[in-house]
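Chains as they are written, first to last, in this note's numbering: chain A, 1 to 622; chain B, 1001 to 1622.
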C-alpha cells in the first residue's frame, strides 16, 4: 500500500463480491468519499445509490448487500467496532440499514477491507471466507437449514476458533422479511432490522467468516493514545455506564411503563400489571454474565441461563435487550421472564428481528381476538394474549414459512393487505417497518423521528427520546431535559439529533457512548485524532446532514414521499385512557410542517435541489 | 290495496327485478321499516344489508342496485321528489349512495313503487320500462354506446314524451368507477357519486324509463295543504332562495376562494387569479334559463348555451354547479367558463361524476408535471395545467377506457396504486371517493365529516360547512355562526348534522330547504302531516342516528374502520402559504377522538354493541 493512497483510520480497500459470476475483486476507497461519507451507513448509502437501482425488487439479484465498518473500528476507539449493513429492504421497499455490535466489525476491518459489497445471487448455498485479504466463496450445503448458533459452531470447528462469523438462520434462508444477520455465537448481536438477513438469504449466502490481523493507520497515534487513556476511566465510571453494566438496557423497562413509553397489548393499553416480572430485576435472577462488544468499556450485554422447566435454555444464551422484552413480553401480555428468554433465544437462533416479530405476533393475536384470523387459519393454534407456548409454536412456523407462518413472515404491512378488512388497525409500522418499543404518545420527538427515519419506524435514527425527557446534555444542545409533550422546538431538535446519529452510524460507534463521557465534542476529537480530516463540530454536523439526506434521496427514488412520513392509525388516534398523560396523542402534522422547512425538503417531502446542491449531492440525483 | 296495509306517504310496494333470471316481482313495504328507516338512503341501506353481502365485489352479479324515493315524493312537499341510489361502490368497496334531483323520483313513485331493487346481470343490454305498475325488461341494443342526451331522446321518441328516464352514458357502460346515473335530458340531474352508474353498467342496464299517474295517500291531507300554502311563499321568498335562484350554486365561488374553501391546482394553492372568470357572474353571460327540480320553488338549476367557438354547445345544456366549476375549473387552473361548460356537458353526456373527474384530471396533470406520467403514457397528450383542450381529449378516453383513459377511469386511489412511487401525494380522496370542492383546511367541521361520511369524502353527509361559518340556524342548533378554526364542539356539531342529513337523504328532500324556511321543525311537521308517524324532533334525530349507524355497520362489514377515517396527506399536511388562514391544517385526530365517543363507536371505529342495541339494529349484525 503506497503512502500516497493511505487514508488514516481506513484500510483503504473495499471488497466486492459478485455471487452469480463468482467474481472477487476490490477497489480503493476514495479519500474524499471517506471524508464526505465517513463509513458505516454513510458510505453504505453512497454505495447503495451506485450499485442498486431504486426501482428493483429487494430480492432481485441486482440488489447490493453492503457491510461497512467505520474509521473507529479496529482502533480501540470506544465501542467503535460496530458494523452496518445497508441494502434495499424487502420489508419497506426502500433504504435499509441495520447496525450490529459484537466483534465481527473490528475483525472484518483487520482483514484489510473497510467493507464488502455483495451483488448477484448464488445458485446454491455458499459462505464467504475472508482470511486477511484472501477471499474464498465456499460451498455451504451442510450449513443450510442450521440455526445461527449451530452455524457458528460448525464454522469455528471447521476453520478456527479465532474467526468471527456473521450468518443467517432459517429466517433469512426462508426470506422472512424481517430476518436479520447474526453474530457472536450464543451472545447474539444482530443486524436485525428491515430484513437485511432476508436479502442475504435471497443471495444464498449463509455466512461470512472473517479473520485478520492488520491494523488501520492512525493520524495522530500519540494523541489518540493520550485521549484514550484520559477518557477510558471516565467512560467506565459514568453513572449511565454503571447503570447499563448493572442492569442492561432492560433496566429501563419500569421507567418506560411509568411514563407510557412501553408497548402493552399491541400498543393498546397504558398499564401492565406484569411489568415487574419482566423488568431488569427479573432478568437478574437468570443472569450468568455481562457481555462487552469490541472496544466497549460499558458491558450492557447480558448472558442468561434457564436451567430447567419448559422454557429451559441449553446452557447460557445471549440475554434480553429492553426492545425484546417489551416487544415479545408486555406487547404480547407475556409476564414470565423465562418465557421471554426462550422466545428471544429462538428469534436469535432463527435469525429474526425480535422487534418486528413481537409486532407481528401482537397483530396476529389481535386479529385472532377479532375473528380476522380463526384458529383454523392459525393451523389449529389458539393464539391468545399472554400464551407463550402458542407463540413458540408460531415462531417455528414463521422461521420456516410453514402454514400461517408463510403469511406472518411477510410483516405487518403485508399481513394487513392480505387479510384486508380492518386488519390494518392492528398493523403498527411506519413505511412497513414495525415500531420499536418506544411510544410517540409518550414523547413528541418520537412522532417526528418515526415518521422521518429513513428505514421506517426507528428509535435510533434520532435517538432523542431519552434526552427529551430523562437526561440533559449541553454538548448535544440539550441543557435541560425537555417537556415531552411540547411541540415547539421539537422539529429542530429531531433534525439535529438525526444528523448526529447519522454520524454515529457512519463512524460507526455505539450511541450509548453519548451518555458515557464521549459526547459530541469528544466524538469529533476522536475522529480527528484517528483520521485528521480536520472537521470541527460544525463540519461534523454538516456531514451528518449530508448523509441523512443522501439516504432520503435514495428513498425519494423509491417513491417515498410525504404520504409515507406518517404514523400508524393506532398511534395517531388511540388514546389509552383519560387523564394525566393517558389521553395524549402526538400532534404530528404541525411538527412535520416545520421539520420539512428546516430540512429543506419540498412540499411532498423530496430533498430540494437547493439542499442537494448545498450538500454536494448532485451526482446522486442520477 | 286494503286499508289495513296502507302506509300514508308511501305507495307501499317495492319492485324487485332480477336481471339474470329476468324475474320481476314486488313486495309490500313493512310499516315499521318505513317508520324506522323512512325511505331514500335509509330504506336503501336496509335493503343493501339484506340483499348484498358486504364481501362481494361491486361488479359481481349479486350486488344490488337500489333506487329509492321517500315519503315526500309525489306529494308536492317542498323539493321532495329526489331519489337515492344505494349500492356497494366499485370506487370505495363500501357503502355507496348517490342522490338526484329532477323529476324522475316523483315519477317513479307515481308508478306505484316506492323503490326498485335490481340484482343480477343481464347478458345483453336492456332497459327497464315501468308504466304504472306494469314492468318490462326491454332490449337496449340500439341504445348501447349512446350518450345520456341521445338515450333520453331516443327513448322519448320511441315511447312517449311524458316518460322520465334515468340512464347511463358511455362512462357507466365502460365501468368507469366514478360513473353516475343521469336524468332530465339536457338539464342533467345526476346521481353522480361513488360509481353507482358503473354498477348499472355492470348489469348491462342502460336505462329505467318510468311513467305513472298514481298518488300516495297522505295522513292529514287538509293539514298538509294548509302547511304547503303557508310555507310556499316563505320558501320562495327567503334571501337564500332568491340568491340561489339568481346566481345558482356557483354564486358562492368567490366567497369560497376568499375563505380558502376552493380547490386550486389539485388543492395545492390558496389563491386563483382566474376566479372571477368562472364565477357566478361569468355563468350569467351564457345563461339561458333557470331549472327547477320536481316540487321545487327555488330553482337553483341553470341552463346555458355557448353558441360558437371551440367550446360551442349544441343548443342549451344543463348549467354548472359550484362543485363542477371548482373541480374542473380552478382545480385544473382552467379560467374560461366556456371551457368549463364544455367539460361539464361532456361529463353529463358520458355520465361521469364531475367531482371525481376533476380530481382525476388534476392528479394526472400533477403526475405529468412531476414525470410520473410522461406524454407517451398520456397517449401523446401534453396534459398541462389549464389546458382545456387536452382535458377534453382525455375525457373521451376516460369514458371509453381508451389508452390512458383505462387507468384514469379507475379513480385516484387505484391510479396511485398503479403508478406507485409518490403518486399517492396527488390522490385527494377519502376511502377512495375524491374530495368535493370544499377544503377542510378552511373549516374544521369538514375534516370530521369527510373522514366519517359513509360513502367517503362527502360534503353533503353533514353539510355543515355553511352553517359553521356563514349562516346561523337556531332551529338546527346553531344560534350563531361558528368559529371555523375552533375544534371544541365540532365533533358534536358534525354528528348532529350527520343525523339530520341522514333524514334529508331518507325523506328524500333537497338540503337547500334548510336555508329556505323549511328547517328542522318544519321538516318534522311536514313528515308528520304526510305520514302520521308521530315523530317529534327528538325521534326524528334518533331516526337519523339509526340510519347513519346502519350505513356505518355496512361499512364495518366491508372492513371499514378507524384506519379509513382519515384525510389525504395533502389536506392533513400541506399548508398553502404563511399567515392569515393560509397555514391552517385541520387537527383531525383530536376531533375524531371525541367524535367516536359521541357516536358510541369502539376504539377501532366499529359501532358498539350497546349502540346497536340502543338503535334496534341487532338484526343487521348478521
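C-beta: ideal position from N, C-alpha, C; glycine also. Values in this document were obtained by computation on a predicted structure and should not be read as measured data.
Could you say which of the options lies nearest to residue i if we only look at CA atoms?
i               : options                            : result
residue 33(A)   : 26(A), 25(A), 42(A)                : 42(A)
residue 1044(B) : 1519(B), 1505(B), 1570(B)          : 1505(B)
residue 298(A)  : 332(A), 346(A), 374(A), 235(A)     : 235(A)
residue 1427(B) : 1417(B), 1563(B), 1412(B), 1435(B) : 1412(B)
residue 30(A)   : 22(A), 19(A), 13(A)                : 13(A)
residue 1243(B) : 1266(B), 1224(B), 1512(B)          : 1512(B)
residue 508(A)  : 248(A), 106(A), 52(A)              : 106(A)
residue 403(A)  : 388(A), 421(A), 417(A), 373(A)     : 373(A)
residue 1021(B) : 1294(B), 1067(B), 1123(B)          : 1123(B)
residue 1183(B) : 1217(B), 1229(B), 1082(B)          : 1082(B)
residue 1502(B) : 1027(B), 1099(B), 1422(B), 1468(B) : 1099(B)
residue 1524(B) : 1476(B), 1556(B), 1309(B)          : 1476(B)
residue 1435(B) : 1458(B), 1423(B), 1425(B), 1424(B) : 1458(B)
residue 277(A)  : 306(A), 570(A), 253(A), 75(A)      : 253(A)
residue 38(A)   : 470(A), 80(A), 134(A), 211(A)      : 80(A)
residue 1226(B) : 1076(B), 1535(B), 1449(B)          : 1076(B)
Consider the Cβ of residue i: report whether some Cβ of chain B lies at a distance smaller than 7 Å.
i              : result
residue 422(A) : yes
residue 610(A) : no
So residue i packs on residue j, CB below 8 Å; how close in whole Å?
i               : j               : result
residue 94(A)   : residue 558(A)  : 4 Å
residue 71(A)   : residue 532(A)  : Actually they do not touch by this definition, with Cβ atoms about 10 Å apart.
residue 1562(B) : residue 1605(B) : 4 Å
Keeping to the same chain, check which residues put their C-beta closer than 6 Å to that of residue i; ignore five residues upstream and five downstream.
i               : result
residue 1240(B) : 1515, 1516
residue 274(A)  : 335
residue 1437(B) : 1263, 1323, 1326, 1327
residue 25(A)   : 16
residue 409(A)  : 176, 398, 401
residue 1062(B) : 1056
residue 1001(B) : Because the pLDDT of residue 1001(B) is 41, which lies under 50, any placement of that residue in the model is unreliable, and the number read from its coordinates should be weighed accordingly. Correct list: empty, nothing qualifies.
residue 388(A)  : 334, 339
residue 279(A)  : 253, 254
residue 432(A)  : 91, 92, 413, 456
Which residues in chain A have a C-beta closer than 7 Å to the C-beta of residue i? List them in chain order.
i               : result
residue 1559(B) : 420, 421, 422
residue 1425(B) : 561, 562, 563, 604
What in chain B is Cβ-close to residue i, meaning under 7 Å?
i              : result
residue 569(A) : 1562, 1563
Beta-carbon of residue i versus every beta-carbon of chain A: anything under 7 Å?
i               : result
residue 1528(B) : no
residue 1004(B) : Note on residue 1004(B): pLDDT 47, under 50, position unreliable in the model; the coordinate value appears next. No, residue 1004(B) lies away from the interface with chain A (no Cβ there is under 7 Å from its Cβ).
Taking residue i as the query, report the chain A residues whose CB atoms sit under 8 Å from its CB, ordered along the chain.
i               : result
residue 1572(B) : 589
Residue i touches chain B at which residues, Cβ-Cβ below 9 Å?
i              : result
residue 585(A) : 1589, 1590, 1593
residue 575(A) : 1593, 1603
Can you name, in chain order, every residue of its own chain whose Cβ lies under 7 Å from the Cβ of residue i, other than the five neighbours on each side?
i               : result
residue 1186(B) : 1149, 1316, 1317, 1318
residue 594(A)  : 491
residue 377(A)  : 404
Which residues in the same chain as residue i place their Cβ atom closer than 8 Å to its Cβ, once the five residues preceding and following it in sequence are excluded?
i               : result
residue 1573(B) : 1585
residue 1269(B) : 1576
residue 444(A)  : 468, 484, 485, 486, 487, 490, 586, 587, 591
residue 126(A)  : 19, 137, 138, 139, 140, 204, 205, 206
residue 162(A)  : 211
residue 429(A)  : 359, 411, 412, 413, 435, 456, 457, 568
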